[in-house]
Every structure is written in structure tokens, then in C-alpha cells.
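Residues in the sequence shown are numbered from -13 upward in steps of one, following my numbering.
By construction, the Cβ of each residue, glycine as well, lies at the ideal position given by its N, Cα and C atoms.
Since the model is a prediction, treat every value here as computed from it, not as a measurement.
Only one structure is covered here, and it is reproduced in the block below.
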Amino acid sequence: MSGTHIIDVQDRTEFGTRATRRLRTQGLIPAEVYGHGDNDHLSLNAREFTKQLRTPGFASAVVQLKSDKKNESALIQSVRRHPVSGDIIHVDFLRVSLSEEVAHAVPLHFVGAEKCPGVKAGGMFEPIRRELEIHAKVRDLPDFIEVDVSGMNLRDVIHVLDIPLPEGCKVVTDVNFTLCTVVGHGGPAGGGEEG
């Protein structure tokens, strides 16, 4: 968990279609925080949240929901967008304690693709998965996992078990699935020549 992301929120007392429409015209997004026994209905500044959401690692980071009444830790569970405009129309947060263990999707940041020998030889770097679900204490959750791909040759593949995880983190799945590959001259690994 690097850096603290603070989101200013206000309690919401009005509900329903008209109330949420009114919120959105005021530049606010309706939100809900749940977990640890109760749900709270909130609103947050649309412009500020959209700006924060563009920050790498923010969507998977532990955030601090700060209101006049309290300050609490949470994870972003879902962000719903309008199907046409793409504007954020609702956000769900999961209230967490820094010492509890959770399973959470963490983005993968692939670094060094432009330097890898496979790309220099005419191949194309192809990420297969962009996030990895890991199990860890909330305080140990990274904002992202960096995967160094600078040594990949044509048809090389990086699997889940090939990457080092931060201390205290483990992968949720038992499957050693592919995270990325360098394709070219015969397709992805395993799809080319027969032996």
C-alpha cells in the first residue's frame, strides 16, 4: 500500500431516481460504502474522483473516505459508467480494516516491452491479463504489480508463477495462467511449429 488516497465524501439523505439525477447535475456521484455491518449512502465530487481514477494504481488502492463525521479505509469495489457518455454514475466501496485479509484485483504494469529482444526482432508484445487477484492483508496490498518484460524473446511467455509478488501477498488462483507473451513469425507460443 503506497501513499494515501483521500476522497472527500458527504452523507446522502435523499434517494431514488430524482435525487440521484439532482446529485449528478450538481457535479456529484452517488456512492455506497458497505461492509463491517452497515451500509452508508454517500456522494462525492465527480470531477475530483474522475481525475483520481486516472492515477495509475488508484482503482485498486486503499482509499480514505473522509467526511465531516468520520474517516475510514475502503477499497473501490465497482465503478459504473453511463453506457453512452462514459461518465461515472455510481461507485461502490468496501469498508476495510488495515489488518484484515482480503482478495482483491491488482493491476499489472508491464515495463521494458520496448527494450525486449523479441520486439526488436519484429515481434509484438501482447499482454494477456492486465490484473491479478491476490490475497493479502489490506495494509500489504500494492497499488500495482510491476512485471519486467525486458528480457523476453519471440514466443516467450510469462506465467503467474514467473513473477515475484510483494511480501505478504499470494495469488488467489491455483492456475498458472499466461500474463503476457511476445508474438510474431508464427503466432503465440505453442501455436507454431509441430515437433
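Inset, instruction - To the nearest angstrom, report how far apart residue 176 and residue 146 are at their CA atoms. - result: Counted from its first residue, the sequence shown places residue 176 at position 190. Counted from its first residue, the sequence shown places residue 146 at position 160. For residue 176, the pLDDT reaches just 49, beneath the cut-off of 50, and the residue's location in the model is therefore unreliable, although a value from the coordinates is still provided. Residue 176 and residue 146 have their C-alpha atoms roughly 17 Å apart.
Inset, instruction - Specify whether the stretch 99 to 106 and the stretch 121 to 132 touch according to this definition: at least 3 beta carbon pairs, one from each stretch, less than 8 Å apart. - result: No, because fewer than three Cβ pairs between the stretch 99 to 106 and the stretch 121 to 132 fall closer than 8 Å, the two stretches do not touch.
Legend entry - Reference residue 6, options 24, 153, 28 and 21, closest by Cα: Sequence index remark: in the sequence shown, residue 6 carries index 20 (1-based). Of the candidates 24, 153, 28 and 21, the one whose C-alpha sits nearest the C-alpha of residue 6 is 28.
Legend entry - Exposed unless 16 or more other CB atoms sit within 10 angstroms - verdict on residue 30: Counting from 1 along the sequence shown, the entry for residue 30 is found at position 44. Burial call: buried.
Legend entry - Rounded C-alpha distance that separates residue 99 from residue 136: Translated into the one-based positions of the sequence shown, residue 99 becomes position 113. Translated into the one-based positions of the sequence shown, residue 136 becomes position 150. Rounded to the nearest angstrom, the two C-alpha atoms are 6 Å apart.
Inset, instruction - Put residue -1 into one of helix, strand or coil per three-state DSSP. - result: The count along the sequence shown starts at 1 and reaches residue -1 at position 13. In the structure shown, residue -1 adopts coil according to DSSP, grouped into three states.
Inset, instruction - With DSSP as the reference, label residue 86 as helix, strand or coil. - result: Numbered from its first residue, the sequence shown carries residue 86 at position 100. Residue 86: coil per DSSP, three-state reduction.
Legend entry - Classification of residue 59 by the beta-carbon crowding that lies within 10 angstroms, buried from 16 upward: For the purposes of this step, residue 59 is taken as the residue at position 73 of the sequence shown. Classification for residue 59: buried.
Legend entry - C-beta contact flag for residue 90 and residue 51 at 9 Å: Residue 90 sits at position 104 when you count from the first residue of the sequence shown. Residue 51 sits at position 65 when you count from the first residue of the sequence shown. The Cβ atoms of residue 90 and residue 51 lie no closer than 9 Å to each other.
Legend entry - Top-ranked residue by Cα proximity to residue 112, from 85, 68 and 143: As a first step, residue 112 must be located in the sequence shown, where it is residue number 126. Nearest of 85, 68 and 143 to residue 112, Cα basis: 143.
Inset, instruction - Below 8 Å CB to CB, which residues in the same chain sit around residue 126 once its five sequence neighbours on both sides are set aside? - result: On the sequence shown, residue 126 is found 140 positions in, with the first residue counted as 1. Only -13, 152, 153, 154 and 155 meet the Cβ criterion.
Legend entry - Where residue -8 falls, given that 16 or more other Cβ within 10 Å makes a residue buried: By 1-based counting over the sequence shown, the position of residue -8 is 6. Answer is exposed; the Cβ neighbour count stays below 16.
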